[in-house]
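Numbering (full-length UniProt numbering), first residue to last: 1 to 114.
Beta carbons are placed, not taken as given, at the ideal position from N, Cα and C, and that holds for glycine.
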Amino acid sequence: MKRAHHPQLDEISLTAVMAALSDPIRVGLVRLLADGREHGWGELRAPVAKSTLSHHLKVLRDAGITRTRQEGTRCFVVLRRDDLETRFPGLLAPVLAAAECDGVGRQVGLAASA
């Protein structure tokens, strides 16, 4: 299986990050991933088709916002918080705070545990 491309720290651009964060579903995913945990793609819930959710995760990965890891047939995603803070100090916190205030991405969540 093809390995996902993750931009190196110096390849992460502000315009790519801001463009990726221009969609409410992607902002919701980032809010969810801000808990610092790695989440399996199957845990993530959004009001979009699975293929669309996969596209949103790819946009976040390509922008350098998340890191994806594959284990067998399962994929896991984690927020690259430390990398973003190193590259653009102080950028993520106000974006997350503003999204929380406005309720942006509220429709994104985790699947209920069985």
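What ranges does the alpha helix (DSSP H) occupy inside the UniProt domain "HTH arsR-type" (6-99), keeping only unbroken runs of at least 4 residues that lie completely in it?
14-20, 24-33, 50-62 and 81-87
Excluding the 5 residues preceding and the 5 following Leu-53 in the sequence, name in chain order all residues of the same chain whose CB lies nearer than 7 Å to its CB.
Taken in chain order, the residues that qualify are Leu-44 and Ala-46.
For Ala-20, count neighbouring Cβ atoms within 10 angstroms of its own Cβ and tell me buried if that reaches 16, exposed if not.
buried
CB-CB length for Gly-64 against Ile-25, believed under 8 Å:
Contact flag wrong, Cβ pair sits at about 18 Å.
Using a Cβ-Cβ cutoff of less than 7 Å, which residues in the same chain neighbour Arg-87 once the five nearest sequence positions on both sides are dropped?
Leu-9 and Ile-12
Rounded separation between Cys-75 and Glu-85 - CA only
24 Å
Could you check how far apart the C-beta atoms of Ala-99 and Val-27 are, in whole angstroms? I think they sit under 8 Å.
5 Å
Residue(s) in a DSSP beta bridge with Gly-109
Arg-45
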